[in-house]
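A.B. asks: Here it is, the structure in full.
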Amino acid sequence: MTGATISFEGVGKSYAGGGKGQVTALSDVTLSVAPGEICGIIGRSGAGKSTLLRMVNGLERPSTGTVTVGGRDVGRARGAALRAIRRDVGMIFQHFNLLSSRTVHGNIALPLEIAGVPSAEIGPRVRDLIARVGLEAQADRYPAELSGGQKQRVGIARALATQPKVLLSDEATSALDPETTRTVLELLRDINRDLGLTILLITHEMAVVRDIATHMAVIDQGRIVEAGATYDIFVTPQHPTTRSFLSGVTGITLPGFIAGRLTEARPHGPAEEIVRITFAGAHATDPMLARMTAERGIAINILAGAIEEIGPRPFGNLLVAIDAARGPEARDYLNRHGLSTEVLGYVG
Amino acid sequence: MSANLIGLLVEATLQTLYMVSVSALLGTVFGLPLGVFLATSQRGELLSAPLVNKALGLVVNAARSVPFIILVVAIIPFTRALVGTSIGTDAAIVPLTIAATPFIARLVENAIREVDAGLIEAARAMGATPLQIIRKVLLREALPGIALGLTLAVVSLIGYSAMVGAVGGEGLGDLGIRYGYQRFMPDVMLAVVVILIVLVQIVQSAGEWIAARVDRRAPRNRGH
């Protein structure tokens with residue numbers, strides 16, 4: 001089993017708003033997710049990410065443009081053709097959406113019953129799925145008797161039951177605590193690796209994207225404002241929305257006493273330049289600042305910083321203050337050594 | 001109380017049970033699909049048919065607006081055409097069923113509307129047909145509510161069945177009116193009332209027990 005390509009081409013969605021004309025949820029979205037990729041779409045609530053996700057299995061239809069899964073046009077499929085596509089696309093939900101009246105086993109069997117799989121085959125297949133998500137001891141329990149993390153494991157097993165080529169995740173970890181989130185994301189990563197299926201997930205948490213997604217897209221007010229490899233976007237974010245999401249996850253923001261005095265223009269007299277330095281790849285572990293101080297005699301005052309990993313690749317972020325008179329020279333030195341810099345402002 | 005009277009009480013009880021169970025059964029046969037349809041046919045829902053939904057909703061409301069005793073008398077020609085007579089237990093089943101059907105339909109509709117919309121979405125995402133969603137998701141998840149609704153309907157039917165006694169329907173109500181009231185036999189009246197109370201208690205307890213057994217929405221202490 002391998003994953004399928006998901007492709008959005010010029011996709012727009014608008015609703016008839018209550019007497020106020022049209023409400024636009026999405027405009028001109030073009031995005032492609034390659035087979036076997038884990039793509040995270042991040043956006044604030046109301047940004048349109050949920051609408052985008054639900055177009056992949058036809059729960060929503062695009063007003064303009066086309067959405068295809070494995071080359072099949074989802075937006076124009078109806079009836080049996082649409083149901084066939086849906087069996088190739090599993091979905092997991094923030095609130096799990098398990099049947100309270102069925103056990104773990106029964107919930108995972110449901111998509112197989114719906115697909116008309118002979119009942120003799122359902123039992124063994126469900127037992128395999130239960131083993132894959134590690135719920136052997138809970139097979140005969142009802143959802144009300146499970147923890148949130150266990151419920152989401154049932155949701156994942158259920159989504160995999162019909163051996164889909166694509167898995168959609170609708171804020172699947174947003175109702176879980178950080179530790180449970182970590183184990184659920186690990187399970188999703190294992191599944192992606194073992195089965196090769198394409199995973200498209202939406203979230204409002206940058207940490208989720210960082211921990212699992214190979215590729216990402218940032219959506220703001222119904223438009224994709226930035227898309228690409230997760231590492232590249234984390235290292236060189238272009239759009240203000242992306243930066244604001246990043247400042248939440250990298251945990252580095254300017255200390256309040258500096259942020260309050262920050263000016264865009266360089267003041268007269270002595271001043272300090274506040275710079276964000278991003279270290280990527282091999283440079284992340286080089287003692288570049290110490291070397292610059294030794295070679296050029298430029299003193300650097302570190303305000304905040306962190307080194308993180310995306311997959312196996314480390315990258316670092318530092319916020320520093322440099323004497324404004326030496327600022328350009330220092331940035332030039334760092335840029336020549338492969339670090340990117342961004343002047344955030346000046347403090348007089 | 002003479003053996004003769006006890007025989008009458010037993011016979012009347014059996015007649016009541018017969019009328020109530022047959023009309024409850026028929027009311028469910030007609031009311032359940034009607035309720036499912038009402039719950040799933042508004043605009044944008046599974047079986048989206050807003051005009052039919054509105055029309056059926058009006059008919060159901062109209063039927064429920066008619067006081068039962070008026071309904072019994074008003075449909076006498078229909079009853080006669082259907083069962084050949086307008087008196088007796090078989091004739092009583094006609095108005096009882098007509099009263100029970102819209103009542104049960106509304107109770108079923110309410111129970112189904114209580115089902116979390118997320119479950120419908122999950123089933124659609126699995127590629128379920130509307131009928132599969134109704135059968136495997138809505139009816140099963142709404143079962144505790146439906147069981148309680150049917151309990152309420154049967155209890156109401158026991159009350160209604162006593163009313164048809166007033167127009168020759170036989171059963172406990174008829175016995176209470178003819179012997180207890182018209183022949184001044186308070187012991188018969190008392191016996192009728194006690195039997196009705198016991199019947200309602202049994203139905204209510206059984207209904208609640210069944211509803212609790214099929215309800216898995218809260219964790220349950222496991223006995224092992």
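Chains as they are written, first to last, in UniProt numbering: chain A, 1 to 348; chain B, 1 to 224.
We treat Cβ as the ideally placed atom computed from N, Cα and C, and that holds for glycine.
Closest to B:G169 by C-alpha separation, out of B:V94, B:L119, B:G180, B:D187, would be which residue?
C.D. replies: Residue B:V94 is the option with its Cα nearest to B:G169.
A.B. asks: With 16 as the cutoff for other CB atoms within 10 Å, does A:S119 come out buried or exposed?
C.D. replies: So A:S119 counts as exposed.
A.B. asks: With contact counted as at least three CB pairs below 8 angstroms, one residue from each stretch, are the segment 153-171 of chain A and the segment 124-133 of chain A in contact?
C.D. replies: Judged by Cβ distances under 8 angstroms, the segment 153-171 of chain A makes contact with the segment 124-133 of chain A, as three or more pairs qualify.
A.B. asks: For the beta strand (DSSP E) holding A:T203, just list the boundary residues, first then last.
C.D. replies: First-last of the beta strand (DSSP E) with A:T203: 198-203.
A.B. asks: Would you call A:I219 buried or exposed, if buried means 16 or more other Cβ atoms sit within 10 Å of its Cβ?
C.D. replies: Answer is buried; the Cβ neighbour count reaches 16.
A.B. asks: How far does the alpha helix (DSSP H) with B:G207 in it reach, from first residue to last?
C.D. replies: Element bounds for B:G207: 186-214.
A.B. asks: Looking only at DSSP bridge pairs, what is A:F8 linked to?
C.D. replies: Answer is A:L31, A:V67, bridged to A:F8.
A.B. asks: Could you pull out every residue in the same chain whose Cβ sits closer than 6 angstroms to the Cβ of B:T101, ignoring the five residues on either side in sequence?
C.D. replies: For B:T101, where only same-chain residues beyond five positions count, the Cβ hits under 6 angstroms are G27, F30, G31.
A.B. asks: Please confirm whether A:D88 and A:A4 have their CB atoms less than 8 angstroms apart.
C.D. replies: In this structure, A:A4 lies closer than 8 angstroms to A:D88 by Cβ.
A.B. asks: To the nearest angstrom, report how far apart A:L200 and A:R83 are at their CA atoms.
C.D. replies: Distance between the alpha carbons of A:L200 and A:R83 is about 19 angstroms.
A.B. asks: So with Cβ pairs under 8 angstroms, would you call A:H105 a contact of chain B?
C.D. replies: No, no contact with chain B.
A.B. asks: Could you round the C-beta distance between A:F96 and A:K151 to whole angstroms and report it? I think they count as a contact, below 8 angstroms.
C.D. replies: Indeed they touch by this definition, with Cβ atoms about 4 angstroms apart.
A.B. asks: Where do the ends of the beta strand (DSSP E) carrying A:H105 lie?
C.D. replies: No beta strand (DSSP E) contains A:H105, which is instead part of the alpha helix (DSSP H) from 104-114.
A.B. asks: Classify A:S244 as helix, strand or coil using the three-state DSSP reduction.
C.D. replies: A:S244 falls in the helix class under three-state DSSP.
A.B. asks: Which ranges would you report for the beta strand (DSSP E) in the segment 309-335 of chain A if only whole runs of at least 3 residues count?
C.D. replies: Runs found: 313-323.
A.B. asks: Out of A:I38, A:S14, A:L334, A:G338, which one is the CA nearest neighbour of A:L168?
C.D. replies: Considering only alpha carbons, the answer is A:I38.
A.B. asks: Whole-angstrom Cβ separation of A:S101 and A:I202, contact assumed at under 8 angstroms?
C.D. replies: With 8 angstroms as the limit, A:S101 and A:I202 do not qualify as a contact, their Cβ atoms being about 29 angstroms apart.
A.B. asks: Taking the alpha carbon of A:G149 as the point to measure from, which residue in A:T162, A:D194, A:G228, A:S174 has its own alpha carbon closest?
C.D. replies: Among A:T162, A:D194, A:G228, A:S174, the Cα nearest to that of A:G149 is on A:S174.
A.B. asks: Just to confirm my understanding: we take A:D177, look at its own chain, exclude 5 residues before and 5 after, and list those with CB closer than 6 angstroms. What are they?
C.D. replies: Hits under 6 angstroms: none found.
A.B. asks: Should A:P111 and A:A80 be called a contact, given that it needs their Cβ atoms to be closer than 8 angstroms?
C.D. replies: No, these two residues do not count as a Cβ contact at 8 angstroms.
A.B. asks: Check whether the Cβ of A:E113 lies closer than 8 angstroms to any Cβ atom in chain B.
C.D. replies: Closer than 8 angstroms: yes.
A.B. asks: When the cut-off is 8 angstroms and only beta carbons count, does A:M91 lie next to chain B?
C.D. replies: By this cut-off, A:M91 is an interface position.
A.B. asks: Answer with buried or exposed for A:K165, where buried requires no fewer than 16 other C-beta atoms within 10 angstroms of its C-beta.
C.D. replies: When all chains shown are included, A:K165 counts as buried.
A.B. asks: Could you tell me the boundaries of the alpha helix (DSSP H) in which A:T341 lies?
C.D. replies: First-last for A:T341: 340-347, but that is the beta strand (DSSP E), not the alpha helix (DSSP H).
A.B. asks: Who pairs with residue 362 of chain A in a beta bridge, going by DSSP?
C.D. replies: Nothing in the structure corresponds to residue 362 of chain A, since chain A is present only between 1 and 348.
A.B. asks: Determine which residues share a DSSP beta bridge with A:H215 and list them.
C.D. replies: DSSP lists A:C39, A:A229 as partners of A:H215.
A.B. asks: Spatial neighbours of A:E136 within its chain, please: C-beta separation below 8 angstroms, excluding the five flanking residues on both sides.
C.D. replies: If we look at A:E136 and ignore the five residues flanking it on each side, its Cβ neighbours are I130.
A.B. asks: Say whether chain A places a C-beta atom closer than 8 angstroms to the C-beta of B:L143.
C.D. replies: Taking Cβ atoms only, chain A reaches closer than 8 angstroms to B:L143, which makes this a yes.
A.B. asks: Just verifying my parser: in three-state terms, what is the DSSP assignment at B:M126?
C.D. replies: If DSSP states are grouped into helix, strand and coil, B:M126 belongs with coil.
A.B. asks: Using a Cβ-Cβ distance cut-off of 8 angstroms, determine whether B:R80 contacts chain A.
C.D. replies: Output row for B:R80: interface = no.
A.B. asks: Output yes or no for whether 8 angstroms exceeds the beta carbon distance between A:S276 and A:T341.
C.D. replies: The sequence as given places Arg at residue 276 of chain A; Ser does not occur at that position. It is a contact, given that the beta carbons lie within the stated cut-off.
A.B. asks: What whole-angstrom Cβ distance do A:R336 and A:I298 have, given they're in contact under 8 angstroms?
C.D. replies: About 14 angstroms separates the two Cβ atoms, so there is no contact after all.
A.B. asks: In chain B, what lies closer than 8 angstroms to A:R83 by C-beta?
C.D. replies: Here the neighbours are G127, A128, T129.
A.B. asks: Excluding sequence positions up to five away, which residues of its chain have a Cβ less than 6 angstroms from the Cβ of B:M174?
C.D. replies: The displayed chain sequence assigns Asp, not Met, to residue 174 of chain B. Answer for B:D174: G165, listed in chain order.
A.B. asks: Chain A partners of B:P219, CB-CB under 8 angstroms?
C.D. replies: Result: Y142, A144, E145.
A.B. asks: List the residues of chain A whose Cβ lies closer than 7 angstroms to the Cβ of B:Q132, in chain order.
C.D. replies: Simply I114.
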